[in-house]
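According to the working numbering, numbering within the sequence shown proceeds without interruption in unit steps and concludes at 280.
Some notes on the structure that comes next.
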Amino acid sequence: MINVFIGYDSKEKIAYHILSESILRHSSVPVRFTPLYLPNLKDSFTRPRNSLSSTEFSFSRFIVPYIMDYKGWALFLDCDMLFTSDIKELWDLRNDDYAVMVCQHDYIPKHLSKFGNQIQTVYEKKNWSSLMLMNTDKCKQLTKEYVDTASGLELHQFKWTDKIGGLPLEWNWLVGEYPYNPNAKNIHFTEGGCYFEKYEDCDYSKDWFNIYTNTVKIQL
61 MINVFIGYDS KEKIAYHILS ESILRHSSVP VRFTPLYLPN LKDSFTRPRN
111 SLSSTEFSFS RFIVPYIMDY KGWALFLDCD MLFTSDIKEL WDLRNDDYAV
161 MVCQHDYIPK HLSKFGNQIQ TVYEKKNWSS LMLMNTDKCK QLTKEYVDTA
211 SGLELHQFKW TDKIGGLPLE WNWLVGEYPY NPNAKNIHFT EGGCYFEKYE
261 DCDYSKDWFN IYTNTVKIQL
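Structural data, given as structure tokens:
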């Protein structure tokens with residue numbers, strides 16, 4: 061069983077469901093989904109939202125090890141993604157030497173805004189935390205209190221561990237930052253999902269809308 065935690069944002073609800081469907085469609089093993097929906101996390105996560113937070117799950121992602129009781133592995137994903145390959149291939153890359161494994165992007169964003177009008181913040185290790193394979197028993201620094209009080213950079217730049225493993229970039233392929241790649245295994249609409257009018261013609265939009273159309277269709 062693969063434990064998958066997906067960030068849930070009320071302004072892009074559809075993203076959660078289409079990502080989940082894309083994972084199910086390609087997975088060869090059972091998957092258990094948990095949405096990081098703030099109203100359901102009141103006992104686990106009490107950090108107030110920062111004005112610079114572009115999503116409702118900007119920081120709640122780091123509470124995953126606490127929710128898992130620091131036992132076993134879990135996968136966190138931003139909601140604005142689309143899997144095109146078997147999630148088991150990613151899961152099989154786990155390495156117990158590390159506390160967390162991520163796609164180690166090295167780039168400067170091309171645009172000053174995202175999601176239409178949100179400020180695009182620039183910092184070292186940007187987008188590393190958008191997909192995290194977490195070895196939760198080695199993430200005990202991420203206590204409820206630490207996640208509630210640590211700075212954004214402490215969390216997103218992984219100041220809480222030096223045991224960071226790398227994953228192939230194809231598992232977190234940044235639309236609008238990287239060129240079109242037919243071999244991308246997980247597509248990340250990091251500047252804005254194609255469900256926003258401004259980005260409806262971006263790379264891979266047809267792939268997203270194909271799954272959307274088939275998901276909302278009732279087959280009798």
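For each residue, glycine too, the CB sits at the ideal point set by N, CA and C.
Thinking just about the alpha-carbon of each residue, which of the options is nearest to the one in residue i?
i, options, result
"Glu-149", "Ala-134, Ser-88, Asp-157, Cys-163", "Ser-88"
"Ala-244", "His-77, Val-160, Ile-147, Gly-225", "Ile-147"
"Ala-159", "Tyr-183, Phe-122, Lys-186, Cys-139", "Phe-122"
"Phe-119", "Thr-181, Thr-275, Ala-210", "Ala-210"
Compare the beta carbon distance of residue i and residue j with 9 angstroms and say whether it is the shorter of the two.
i, j, result
"Ser-145", "Ile-271", "no"
"Asp-129", "Lys-223", "no"
"Met-194", "Phe-136", "yes"
"Gly-67", "Leu-96", "yes"
"Ile-127", "Ser-113", "no"
"Leu-191", "Val-162", "yes"
Taking only three categories from DSSP, how would you classify residue i?
i, result
"Arg-92", "strand"
"Ile-224", "strand"
"Leu-193", "strand"
"His-86", "helix"
"His-248", "strand"
"Leu-79", "helix"
"Val-160", "strand"
Can you name the start and end residues of the alpha helix (DSSP H) that residue i belongs to?
i, result
"Gly-212", "212-216"
"Leu-287", "Residue numbering for the chain in the displayed model covers 61 to 280; residue 287 lies beyond these limits and cannot be assessed."
Skipping 5 residues on each side, what residues in its chain have a beta carbon closer than 7 angstroms to that of residue i?
i, result
"Tyr-167", "Glu-237"
Between which two residues does the beta strand (DSSP E) harbouring residue i extend?
i, result
"Ile-66", "62-67"
"Phe-119", "That residue, Phe-119, is in no beta strand (DSSP E); it is neither H nor E in DSSP."
Excluding the 5 residues flanking residue i on each side, which residues of the same chain have their C-beta closer than 8 angstroms to its C-beta?
i, result
"Arg-154", "Trp-133, Met-161, Leu-193, Asn-195"
Looking only at its own chain, which residues have a Cβ that is under 6 angstroms from the Cβ of residue i, when we skip the five neighbours before and after it?
i, result
"Tyr-204", "The sequence shown places Lys at residue 204, rather than the Tyr named in the question. Excluding residues within five positions, the ones whose Cβ falls inside 6 angstroms are Tyr-126."
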